[in-house]
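S.K.:
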Amino acid sequence: MHSKVISNIQEIRARGARVIAIAEAGDAAVLPFTDDVIRIPLAGPLFEPILAVVPLQIFAMELADAKGLDVDQPRNLAKSVTVE
Numbered sequence: 040m041h042s043k044v045i046s047n048i049q050e051i052r053a054r055g056a057r058v059i060a061i062a063e064a065g066d067a068a069v070l071p072f073t074d075d076v077i078r079i080p081l082a083g084p085l086f087e088p089i090l091a092v093v094p095l096q097i098f099a100m101e102l103a104d105a106k107g108l109d110v111d112q113p114r115n116l117a118k119s120v121t122v123e
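Using this note's numbering, the letters of the sequence shown map in sequence onto residues 40 to 123.
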């Protein structure tokens, strides 16, 4: 892992936060720095972001639902129309 990422994770943990990481299957380097790991299949650099975004979207939806927030109508969202 990059030293800057590790430094950021350590700062987050020092403030008492729980760290959940997205990592490829078999990646053991992330384990000492996180509380939980969401595993994604091994893929090339082109497909890795696509595979990572799906569990993040599901996580965000489940978290919002657990907090009682309406995922279909987020607060502070306003429609905007641009006319040229």
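We treat Cβ as the ideally placed atom computed from N, Cα and C, and that holds for glycine.
Fair warning: this is a prediction, and the values are worked out from it, not measured in the lab.
1. Starting from Glu50 and walking both ways along the alpha helix (DSSP H), at which residues does that stretch end?
2. By alpha-carbon positions, which one of Val69, Gly65 and Leu102 ends up nearest to Ile45?
3. Per the contact definition of three or more C-beta pairs closer than 8 angstroms, is the region 51-71 in contact with the region 80-89?
4. Write down every uninterrupted run of the alpha helix (DSSP H) in the region 64-122 whose length is 4 residues or greater and which is fully enclosed by it, in chain order.
5. DSSP state of Ala56, grouped into three classes?
M.R.: The relevant details are as follows:
1. Taken as a continuous stretch (DSSP letters only), the alpha helix (DSSP H) holding Glu50 covers Ser42 to Ala53.
2. With distances taken between CA atoms, Ile45 lies nearest to Val69 out of Val69, Gly65 and Leu102.
3. The way I'd put it, the region 80-89 does touch the region 51-71; three or more beta-carbon pairs between them come closer than 8 angstroms.
4. 87-105, all fully within the region 64-122.
5. DSSP places Ala56 in coil when its eight states are reduced to three.
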